[in-house]
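*Asks:* Residue numbers (my numbering), protein chains in the order written: chain G, 2 to 113; chain X, 359 to 469.
We put the beta carbon where it would ideally sit given N, CA and C, even for glycine.
My questions will all concern the structure given below.
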Amino acid sequence: QKEVEQDPGPLSVPEGAIVSLNCTYSNSAFQYFMWYRQYSRKGPELLMYTYSSGNKEDGRFTAQVDKSSKYISLFIRDSQPSDSATYLCAMWGGTGANNLFFGTGTRLTVIP
Amino acid sequence: DAGVTQSPTHLIKTRGQQVTLRCSPKSGHDTVSWYQQALGQGPQFIFQYYEEEERQRGNFPDRFSGHQFPNYSSELNVNALLLGDSALYLCASSPYRGRQFFGPGTRLTVL
């Protein structure tokens, strides 16, 4: 079993829709949770960075962490064609070197 | 302020050859981590350098080695290349144990 599971999609939504992206994990030691956006043939770009359980909002993006269920989500409101990319969840335990454990990524297409 | 830079952008090698990839971290960052991203997969951690020492290593063979220089830049070396080494190699910089910011990557093709 992989430490981080993420549905690879692909996911297609119409412009303006609310998008929900999710990851589950098995290691209860994970404390820090991130979402990265990666455009084709580019490096990942950090979108959201959260610690422990709870919600964090930044503009159209909301990250949720439920440590009791080992489940994290990213919501995108009023989705735009420019949001079309692969979204990667990542996490680490908070001790030692911060090597990130990534999901496989979900490929999102927002249709105008 | 320049972000994380990597060179070269693309590289084509043949099996058995050796390759060196380079990374310059974001200003103010002293830690460099390297990841391998195969097509359709998430990045996999190779190793991390801090204070010119390898601090942690992922599940990669000894053919993968690295170095960090006093100016915090870093190199990733891969010896005896295999077809399966074809991937996007990503460098991420951060303050030690801080948020990681990625470079654009080096796309390595092994023929």
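Do G:Gln39 and G:Thr87 have their C-beta atoms within less than 8 Å of each other?
*Replies:* Residue 39 of chain G sits at position 38 when you count from the first residue of the first sequence. Residue 87 of chain G sits at position 86 when you count from the first residue of the first sequence. Result yes, Cβ atoms of G:Gln39 and G:Thr87 sit closer than 8 Å.
*Asks:* Unbroken beta strand (DSSP E) runs of length 3 or more, entirely within the stretch 11-89 of chain G: which are they?
*Replies:* Correct list: 12-15, 20-26, 33-39, 46-52, 55-59, 62-67 and 72-77.
*Asks:* Starting from X:Gly413, trace the beta strand (DSSP E) both ways and give me its first and last residue.
*Replies:* For the purposes of this step, residue 413 of chain X is taken as residue 55 along the second sequence, with counting starting at 1. First, the amino acid is wrong: residue 413 of chain X is Arg here, not Gly. Taken as a continuous stretch (DSSP letters only), the beta strand (DSSP E) holding X:Arg413 covers Glu411 to Arg415.
*Asks:* What do you reckon, are the CB atoms on G:Ile73 and G:Cys24 nearer than 8 Å?
*Replies:* Counted from its first residue, the first sequence places residue 73 of chain G at position 72. Counted from its first residue, the first sequence places residue 24 of chain G at position 23. Against a cut-off of 8 Å, the Cβ pair of G:Cys24 and G:Ile73 comes out as a contact.
*Asks:* Can you give the Cα-Cα distance for G:Thr1 and X:Pro428, rounded to whole angstroms?
*Replies:* Coverage of chain G is limited to positions 2 through 113, which leaves residue 1 of chain G absent and any answer about it impossible.
*Asks:* CB-CB under 7 Å to G:Gln2, same chain, minus the five flanking residues each way: which ones, in chain order?
*Replies:* The residue you call residue 2 of chain G lines up with position 1 of the first sequence. For G:Gln2, where only same-chain residues beyond five positions count, the Cβ hits under 7 Å are Ser27.
*Asks:* Counting beta carbon pairs with one atom in the stretch 50-63 of chain G and one in the stretch 382-399 of chain X, are three or more of them shorter than 8 Å?
*Replies:* Judged by Cβ distances under 8 Å, the stretch 382-399 of chain X makes no contact with the stretch 50-63 of chain G, as fewer than three pairs qualify.
*Asks:* DSSP has X:Tyr430 in a bridge; who is on the other side?
*Replies:* The residue given as residue 430 of chain X occupies position 72 in the second sequence. According to DSSP, which records beta bridges pairwise, X:Tyr430 is partnered with nothing at all.
*Asks:* Going by the beta-carbon positions, is the gap between X:Val377 and X:Gly461 smaller than 8 Å?
*Replies:* Here residue 377 of chain X refers to the residue found at position 19 when the second sequence is read from its first residue. Here residue 461 of chain X refers to the residue found at position 103 when the second sequence is read from its first residue. Contact flag unset, no.
*Asks:* Are any of the Cβ atoms in chain G nearer than 8 Å to that of X:Gly386?
*Replies:* Locating residue 386 of chain X in the second sequence gives position 28, counting from the first residue. Not an interface residue.
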